[in-house]
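Taking it in order: structure first as structure tokens, then the write-up.
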Amino acid sequence: MNGATALRCSRRLYSTQKNAPLYLNPHAWKNLPADRIFELHKIRQEALGEKYNPNDAERNAILSTIESLGPGKSALEYAYEIDNFKERHMNNTPVNLRGLPPRKSNINVIAKGSTPHEIRKREQIMRTCAYEMPLLAKYRQEYKPRPNSETPLSLRFHSDFTDESNANNRKVTLRCKIEDLNLNEKQQKKFMILSGNRFNHRDGAVKFACAQYPEATQNARWLVDTFNRLLEQAKDLTDDFADVPIDTRHMQVKKSKPQFPEHWKRPQDAPVERHAIVARLVDRVKSYKDQSYIEKFTP
1494 MNGATALRCS RRLYSTQKNA PLYLNPHAWK NLPADRIFEL HKIRQEALGE
1544 KYNPNDAERN AILSTIESLG PGKSALEYAY EIDNFKERHM NNTPVNLRGL
1594 PPRKSNINVI AKGSTPHEIR KREQIMRTCA YEMPLLAKYR QEYKPRPNSE
1644 TPLSLRFHSD FTDESNANNR KVTLRCKIED LNLNEKQQKK FMILSGNRFN
1694 HRDGAVKFAC AQYPEATQNA RWLVDTFNRL LEQAKDLTDD FADVPIDTRH
1744 MQVKKSKPQF PEHWKRPQDA PVERHAIVAR LVDRVKSYKD QSYIEKFTP
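Sequence positions in the sequence shown follow this note's numbering and run 1494 to 1792.
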């Protein structure tokens, strides 16, 4: 191939890359906004699938967005170092795999066991911290808790990011104090009767928990609807339950003590100590040694 032919091939390749979609050309990502670069990175990952292989141009484009995200992001440079985009060679490489060309991958491949799954899970969390969490800094807002008079209900969610299949991730707990509901005495009494053992008479709060639905938002909606129906029935005084006493037995600490019938007590059937020769010999030797020890110090 002469020089003219090589020049035409390079020009054709350059024109092809220039007309290619932007997500396939990381060289053109430089000086783009951080959100746009991250969007192109995700699109390139999804489009290429298993054939996805990060290169230096993509790495440099991502590194260029660190300074624009705000101060104190210099520690993130370690997450994007070039070693993460190349295979890490291990000393225990099998003999049949030695000498093969390096595989371009940023995930260590282990043959068997649960280790690779745990490693992939941790690496995915690290990628989320490195790629996605810095982009959430612009949405940061100061937390201002609402007064209790506006929101008497308190919903508590359980989140385990390391194990998405954990059953506690869908569990929601609702808690509300009766003093924040603005009820009169008859309504408070009916509310406590209808709440049953869900009402704590020590701190005056009602507590519900739900985990029957697969999503936490569904469980939260069920709790709020149930509480609203309970409050609506408590405010309806057509039947004020004046003749029904408040049950507080669930607040008592129950300590069960065994009770045996009197006719079970049969001391005449107790075992009689007959052969205690060894015990008597030991006691005699102890008394003899104690007496001989005391005689040494007796004047």
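The beta-carbon is built from N, C-alpha and C at its ideal position, and this holds for glycine as well.
> By Cβ distance, which residues of its chain are closer than 8 Å to LEU1628, with the 5 residues on each side in sequence left out?
Replying inline: By 1-based counting over the sequence shown, the position of residue 1628 is 135. So the list reads ALA1527, ASP1528, PHE1531 and LEU1562, once near-sequence residues are dropped.
> For ALA1702, which three-state DSSP category applies?
Replying inline: For the purposes of this step, residue 1702 is taken as residue 209 along the sequence shown, with counting starting at 1. Of the three classes helix, strand and coil, the one that applies to ALA1702 here is strand, per DSSP.
>> So the candidates are HIS1756, THR1644 and HIS1768; which of them puts its Cα closest to the Cα of ASN1675?
In response: Counting from 1 along the sequence shown, the entry for residue 1675 is found at position 182. Of the candidates HIS1756, THR1644 and HIS1768, the one whose C-alpha sits nearest the C-alpha of ASN1675 is THR1644.
> Taking the Cβ atom as the reference point for each residue, do PHE1692 and LEU1716 lie within a distance shorter than 8 Å?
Replying inline: Numbered from its first residue, the sequence shown carries residue 1692 at position 199. Numbered from its first residue, the sequence shown carries residue 1716 at position 223. No, these two residues do not count as a Cβ contact at 8 Å.
> Start and end of the alpha helix (DSSP H) containing PHE1684?
Replying inline: On the sequence shown, residue 1684 is found 191 positions in, with the first residue counted as 1. PHE1684 -> alpha helix (DSSP H) spans 1678-1688.
>> Using C-beta distances below 6 Å, list every residue in its chain close to ARG1714, excluding the 5 sequence neighbours before and after it, in chain order.
In response: The residue you call residue 1714 lines up with position 221 of the sequence shown. Nothing meets the Cβ criterion.
>> For LYS1679, tell me which candidate among VAL1746, THR1731 and TYR1516 has the shortest Cα-Cα distance.
In response: For this step, residue 1679 is matched to residue 186 along the sequence shown. For LYS1679, the nearest C-alpha among the options comes from THR1731.
>> Using CA atoms only, rank isn't needed, just tell me which of ILE1555, PRO1764, ASN1518 and SER1780 is closest to GLU1625.
In response: The count along the sequence shown starts at 1 and reaches residue 1625 at position 132. Among ILE1555, PRO1764, ASN1518 and SER1780, the Cα nearest to that of GLU1625 belongs to ILE1555.
> Which word fits SER1749, buried or exposed, when buried means at least 16 other C-beta atoms lie within 10 angstroms of its C-beta?
Replying inline: Within the sequence shown, numbered from 1, the residue matching residue 1749 stands at position 256. With fewer than 16 other Cβ atoms within 10 Å, it is exposed.
> Does DSSP put ASN1553 in a helix, in a strand, or in coil?
Replying inline: Translated into the one-based positions of the sequence shown, residue 1553 becomes position 60. Helix at ASN1553.
>> Is the beta carbon of PHE1720 closer than 8 Å to that of LEU1646?
In response: In the sequence shown, residue 1646 corresponds to position 153, counting from 1. In the sequence shown, residue 1720 corresponds to position 227, counting from 1. Yes, Cβ-Cβ distance for LEU1646 and PHE1720 is below 8 Å.
> Is VAL1765 buried or exposed, if buried means 16 or more other CB atoms sit within 10 Å of its CB?
Replying inline: Indexing the sequence shown from 1 puts residue 1765 at position 272. Looking at its Cβ environment, which holds fewer than 16 other Cβ atoms inside 10 Å, VAL1765 is exposed.
>> Excluding the 5 residues flanking VAL1699 on each side, which residues of the same chain have their C-beta closer than 6 Å to its C-beta?
In response: As a position in the sequence shown, residue 1699 is number 206, starting the count at 1. Within the same chain, VAL1699 has close Cβ partners CYS1669, SER1688, ARG1691 and PHE1692.
> For ASN1693, does the three-state DSSP call read helix, strand or coil?
Replying inline: On the sequence shown, position 200 is the one that residue 1693 refers to. Reduced to three states, the DSSP call for ASN1693 is strand.
>> Here's a check: name, in chain order, each residue in its chain whose Cβ is nearer than 7 Å to the Cβ of ALA1550, leaving out the five neighbours to either side.
In response: Residue numbering aside, residue 1550 sits at position 57 when the sequence shown is read from its first letter. The residues are PRO1519 and HIS1520.
>> For TRP1757, count the other beta carbons within 10 Å of its own beta carbon; 16 or more makes it buried, fewer makes it exposed. Which is it?
In response: As a position in the sequence shown, residue 1757 is number 264, starting the count at 1. Classification of TRP1757: exposed, given that the 10 Å Cβ count is below 16.
> At which residues does the beta strand (DSSP E) containing PHE1650 begin and terminate?
Replying inline: As a position in the sequence shown, residue 1650 is number 157, starting the count at 1. 1647-1650 is the span of the beta strand (DSSP E), which, as asked, contains PHE1650.
> What's the gap between the Cα of GLY1697 and the Cα of GLN1745?
Replying inline: Your numbering for residue 1697 matches position 204 in the sequence shown. Your numbering for residue 1745 matches position 252 in the sequence shown. Spanning the two alpha carbons is a distance of roughly 15 Å.
> When you compare only the Cα positions, how much space is there between ARG1773 and PRO1751?
Replying inline: On the sequence shown, residue 1773 is found 280 positions in, with the first residue counted as 1. On the sequence shown, residue 1751 is found 258 positions in, with the first residue counted as 1. About 37 Å.
> Excluding the five sequence neighbours on either side, which residues of its own chain have a C-beta within less than 7 Å of the C-beta of CYS1703, listed in chain order?
Replying inline: In the sequence shown, the residue the question calls residue 1703 occupies position 210. Taken in chain order, the residues that qualify are VAL1665, ASN1712, TRP1715 and LEU1716.
> By Cβ distance below 7 Å, which residues in the same chain neighbour ILE1686 in space, the five residues on each side in sequence not counted?
Replying inline: By one-based count along the sequence shown, residue 1686 stands at place 193. Around ILE1686: PHE1734, VAL1737 and ILE1739.
>> Which same chain residues end up closer than 6 Å to HIS1743 when comparing Cβ atoms and leaving out the 5 residues on each side of it in sequence?
In response: Translated into the one-based positions of the sequence shown, residue 1743 becomes position 250. Excluding sequence neighbours, HIS1743 sits near ASN1690.
> Does the beta-carbon of LEU1541 have 16 or more other beta-carbons within 10 angstroms, so that it is buried, or is it exposed?
Replying inline: Position 48 of the sequence shown holds residue 1541. When all chains shown are included, LEU1541 counts as exposed.
>> My output table needs one value for ARG1663: the three-state DSSP class, helix, strand or coil.
In response: Start at 1 with the first residue of the sequence shown, and residue 1663 comes out as number 170. DSSP places ARG1663 in helix when its eight states are reduced to three.
> What is the DSSP secondary structure of LYS1789, reduced to helix, strand or coil?
Replying inline: Working through the sequence shown from its first residue, we reach residue 1789 at position 296. Reduced to three states, the DSSP call for LYS1789 is helix.
>> Let me confirm a value: LYS1683 is counted as buried when at least 16 other C-beta atoms fall within 10 Å, else exposed. Which label applies?
In response: As a first step, residue 1683 is located in the sequence shown; it is residue number 190 there, counting from the start. That one is buried.
> Span of the alpha helix (DSSP H) holding THR1644?
Replying inline: Counting from 1 along the sequence shown, the entry for residue 1644 is found at position 151. Here THR1644 belongs to no alpha helix (DSSP H), and DSSP marks it neither H nor E.
>> Using a 10 Å radius around the Cβ and a threshold of 16 neighbouring Cβ atoms, would you call ALA1826 buried or exposed?
In response: Residue coverage of the chain in this structure runs from 1494 to 1792, which leaves residue 1826 outside it and unanswerable.
> For the candidate residues ALA1769, GLU1708, ALA1630 and LYS1779, whose alpha-carbon lies nearest to that of SER1658?
Replying inline: Taking the sequence shown and counting its residues from 1, one reaches residue 1658 at position 165. Nearest C-alpha to SER1658: GLU1708.
> What residue range is occupied by the uninterrupted alpha helix (DSSP H) comprising LYS1728?
Replying inline: Here residue 1728 refers to the residue found at position 235 of the sequence shown. Looking at the DSSP string, the run of the alpha helix (DSSP H) that includes LYS1728 is 1709-1728.
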